[in-house]
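Just so you know, the protein sequences line up as chains A and B, in that order.
For reference, each letter of the first sequence is one residue, going 1 to 458 in this note's numbering.
For reference, each letter of the second sequence is one residue, going 459 to 691 in this note's numbering.
Comments concern the structure below.
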Amino acid sequence: MIAWGCAVCVGATVGSAARIEGQVATTWSGGLEIGRASARVSGADSTLLVAPAFSTSTVLSADLARRGARTQLLWQGGLAMARTARGGYGRMVGVFLSDASAAGRSGWLLSADGTLVGATREGKATSAGVSGYYGRSDVVLAGLRVGQRWRGRAATPVTTLDLSHVSPFRTDALDGSLGVSFTATRTAFTGNRVRDVVDPSFVRTVSPYRATVTLADLHVTPRVHWRALTADVDAMTRLGRAASVWDDYTATFTTVPGNSGSDMSVQRERHGRFGGSARVGWEFARSLTLVGEGGRRLSDPMSGLAGSRYVSVSLRVAVDAARLRATRRRDASTAMDAGARRQTPSGARPGVSDTVAGVVVYQDGAADSTRAVMLRGVRGMRVEIAGDFTEWRPVALEPCDAAAVSDAPATLWCGRFPLRPGAHYFLVRADGGAWRVAPGATPVPDSYGETVGLLVVP
Amino acid sequence: MRVVAGIVAALVGGPMALRAQQAPPSAVAALPPGLDSAARAALAPVFARAVQQGLPVMALRVKAAEGVLHGVPSDRIVGVVTRFAERLVVAKAALAPAQPDEVSDGANALGLGVSASVLRDIRKRRPATPVTIPLAVLVQLVTQGIPASRAGDIVLRLLERGASTQQLAELPKVIDRDVASGVSAERALDLRAANVLATLGPRPLPALPTAAAAAAPSMPVGVSNGNHSGGRP
């Protein structure tokens, strides 16, 4: 949702998703990001078009998240309003990274997940408590990430093996990456209870034909960036017999609070073995990106959600805090810079550093003339820097602290460059997006009429 | 007809190709990747001239590479790099004797409206030490909205009074904070520069011997220049 990582950033998304199975939904979300904390409010209006069960509902939800070097806290709350009932829910997720995960690429994390769900129709809470825990370990060998996950308690026990590899490429005209990942999931279903989006008083329990299923998914994800255009494709196929087992036989139990018993129906669904999505982003103006996306999701055995097709169009708005020079953000930037000094890259001692917020240069006594650079506030899975010290060639930065969270964007990036004392000019970009002035760097006009960031190294 | 076309081609394309062929290999090798053949042909003599004039060719390469990254048309890259080479010549003369980095930073300052005379005066006040930091501070002040002449005056005064590199480098940062709290950049510069000047030794008299005047700026902060024992610590 946040289009661009920055010390202070607002983002908004308005889109629509059409589920082919008779449901049309429109969604919107807005967010604010300040330093390591972020907040998001989103809403969805859903209409079930299949006669005679016409119904509408509105769902409002809010996320609050704070990310530290080794921790992440997420709070989610929501309110569902439908014609027949009202419902609400709250959820708290805490994630803790190991030292290795925080410092390098290999390590483990633990997560605890608590959920409170209430249906206000009867004035009683229907469920509460810790709903599950989650663990993961990652090992990176020769660029290949091998991860294993566990999930337990109320959620379905799941063991997952991930193998993934991403190869970046670049030509004179464009750049991008090609990612390949293989995920094998073995799960013993005990029944997934899913609160219906349309009417929260209905609980849909989805069970597969078999109690234990092994799913193997292969994803190929090319990404290309050319000037203001970024294109992502995620093509996936589900391997083996398990796909048909899962898709062909799905038992649905519908339970209505206050009524005894439940209805059960067995559906024969075919979601196919092939899914994926395509997304194109066009940064048609500074800080404005138009994103179109469509695809086909295969069923998710872990959440019990059925597959669907969808399309969406969204507009992302980012306010680069570096440009709001005459605002109170400076104070926050100073505080952020102080925080950055405390998180010195491994092996580097904070010496005389540039105090431009968000970009810190360390004199770490290296034998060569290079200096360690730490960049804060650029959120992404892959962040590159280009400047006079790289001869304006893009160089990928390494995540300083969040490398172990492979599926979460990092905001703290490190690199080492030959930086002599004096003025340097540079730009950064995240995930193959447009080049921008780094948060905290002084924007200055260059000879080409563009704006670049100024970094002064004492 | 074919003969006429050949003559036209020779007249139009010949000199350009010839210039490219005549450029020293080192100059051609310095051209950044990503340029099309026309731009390479046009920039080769610029780079060759820079080699002959002792200009920092790497700075030209970096400037051209910046244009490639921005994706600007080749003719604009050629124009920008050519003008930058001209500024390098001016900066080299003004900052002489200068290191390549100083020449490059000086050319960037010229591009923001700083005059060559300011560069000359900076060198006069720092004849034996690198001036990359004073030049960087100058660039920062100008980009903060302070007129180049005013920024040049302040930097020269600070250098004259022996301001340290750290004191110079801190100046734009504190001005940034002042601006954020609502003070105009020029007013903040006056206040902050006055604060720094108040901690430095007094202004050297014009009649002082040249050697003593030259030595004064390199004195540590708080140390008198030797001719005025009443300077503030």
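In this text, a Cβ means the ideal position worked out from N, Cα and C, and glycines have one as well.
Sequence-distant residues of its chain with Cβ nearer than 8 angstroms to residue i (five each side left out)
i	result
B:Ala-517	Phe-542, Leu-546, Pro-558, Val-561, Ser-562, Ala-565
A:Val-444	Tyr-425, Thr-451, Val-452, Gly-453, Leu-454
A:Ala-228	Trp-282, Glu-283, Phe-284, Ala-434
B:Leu-553	Glu-560, Val-561, Gly-564, Leu-577, Arg-578, Ile-580, Arg-581, Val-589
A:Leu-427	Ile-385, Ala-386, Gly-387, Trp-435, Arg-436, Val-437, Ala-438, Val-452, Gly-453
B:Arg-650	Leu-629, Val-632, Ile-633, Asp-636
B:Leu-614	Val-576, Asp-579, Ile-580, Arg-583
Per-residue contacts from residue i into chain A (C-beta, under 8 angstroms)
i	result
B:Thr-590	Arg-420, Pro-421, Gly-422, Ala-423
B:Asp-563	Gly-422, Ala-423
B:Phe-542	Ser-447
B:Gly-569	Ser-447
B:Val-572	Neighbours of B:Val-572 on chain A: none; closest Cβ ~12 angstroms, over 8 angstroms.
B:Arg-534	Tyr-448
Span separating the alpha-carbon of residue i from that of residue j
i	j	result
A:Gly-276	A:Thr-183	15 angstroms
B:Val-600	B:Lys-631	13 angstroms
A:Leu-412	A:Thr-390	20 angstroms
A:Gly-281	A:Val-291	4 angstroms
B:Leu-501	B:Lys-550	20 angstroms
A:Thr-237	A:His-219	7 angstroms
A:Arg-297	B:Ser-639	50 angstroms
A:Gly-449	A:Arg-309	44 angstroms
A:Pro-394	A:Ala-386	5 angstroms
B:Leu-568	A:Arg-371	28 angstroms
B:Gly-537	B:Thr-657	46 angstroms
A:Ala-396	A:Gly-415	8 angstroms
B:Leu-655	A:Leu-419	30 angstroms
B:Val-641	B:Gln-510	48 angstroms
B:Val-530	A:Asp-388	17 angstroms
B:Val-572	A:Ala-423	15 angstroms
B:Gly-506	B:Pro-514	The sequence as given places Ala at residue 506 of chain B; Gly does not occur at that position. So the two alpha carbons sit approximately 11 angstroms from each other.
A:Val-203	A:Val-313	For A:Val-203, the predicted structure reports a pLDDT of 47, less than 50, and the residue's modelled location is therefore unreliable. The matter cannot be settled from this model.
B:Arg-583	A:Phe-96	55 angstroms
B:Ser-508	A:Pro-421	Here residue 508 of chain B is Ala; the residue named in the question, Ser, does not match the sequence. Those two C-alpha atoms are separated by around 24 angstroms.
B:Ala-652	A:Trp-392	38 angstroms
A:Asp-63	A:Gly-77	7 angstroms
A:Arg-379	A:Arg-429	9 angstroms
B:Glu-618	A:Val-41	56 angstroms
B:Val-520	A:Arg-186	53 angstroms
A:Gly-377	A:Cys-400	12 angstroms
A:Leu-375	A:Gly-295	34 angstroms
B:Pro-605	B:Ile-612	11 angstroms
Under 8 angstroms by beta carbon: chain B residues contacting residue i
i	result
A:Ala-386	Leu-527
A:Val-233	By Cβ distance, chain B contributes nothing, its closest Cβ being about 23 angstroms from A:Val-233, past 8 angstroms.
A:Pro-458	Ile-591, Thr-623, Gln-624, Ala-627
A:Arg-227	Gly-529
A:Trp-75	None at all; the shortest Cβ gap to chain B is about 31 angstroms.
Check: residue i C-beta below 7 angstroms from any heavy atom of the ligand GTP
i	result
B:Thr-590	What this structure holds is no ligand at all, so the ligand GTP is not there to describe.
Cβ-based neighbour list, residue i, same chain, cut-off 6 angstroms, excluding 5 preceding and 5 following
i	result
B:Arg-498	Leu-489
A:Arg-382	Asp-431
A:Ser-233	As written in the sequence, residue 233 of chain A is Val, which differs from the Ser given in the question. If we look at A:Val-233 and ignore the five residues flanking it on each side, its Cβ neighbours are Pro-222, Ala-278.
A:Gly-398	At residue 398 of chain A the sequence reads Glu, which differs from the Gly that was named. Correct list, in chain order: Cys-414.
A:Asp-217	Thr-183, Met-236, Arg-238
Neighbouring residues, chain A, relative to residue i (Cβ below 7 angstroms)
i	result
B:Thr-601	Thr-442, Val-444, Leu-454
B:Ala-594	Gly-422, Ala-423, Val-456
Cutoff 7 angstroms; reference residue i; Cβ partners in own chain excluding five residues on either side
i	result
B:Thr-590	Asp-559, Glu-560, Asp-563
B:Gly-603	Ala-643
A:Phe-417	Thr-370, Arg-371, Val-373, Phe-389, Thr-390
B:Met-496	According to the sequence shown, residue 496 of chain B is Ala rather than Met. Cβ neighbours of B:Ala-496 beyond the five flanking positions: Ser-532.
A:Ser-447	none
A:Ser-167	Ser-177, Leu-178
9 angstroms Cβ cut-off: residues of chain A touching residue i
i	result
B:Asn-653	Ordered by position in chain A, no residue passes the 9 angstroms Cβ test against B:Asn-653, which lies about 17 angstroms from the chain.
B:Asp-559	Arg-420, Pro-421, Gly-422
B:Val-576	Simply none; closest approach about 15 angstroms.
Interface residues of chain B facing residue i [CB-CB closer than 7 angstroms]
i	result
A:Arg-382	None at all; the shortest Cβ gap to chain B is about 17 angstroms.
A:Glu-450	His-528
A:Glu-391	Pro-490, Arg-519, Val-520, Ala-523
Cross-chain neighbours of residue i in chain B, by beta carbon under 9 angstroms
i	result
A:Trp-435	Leu-527, His-528
Could you say if the stretch 424-438 of chain A and the stretch 446-456 of chain A meet the contact criterion of at least three C-beta pairs nearer than 8 angstroms? yes
Counting pairs of beta carbons, one from the stretch 589-603 of chain B and one from the stretch 617-630 of chain B, are three or more of them closer than 8 angstroms? yes
Runs of beta strand (DSSP E) wholly within the stretch 367-394 of chain A (minimum 3 residues, chain order): 370-380, 383-387
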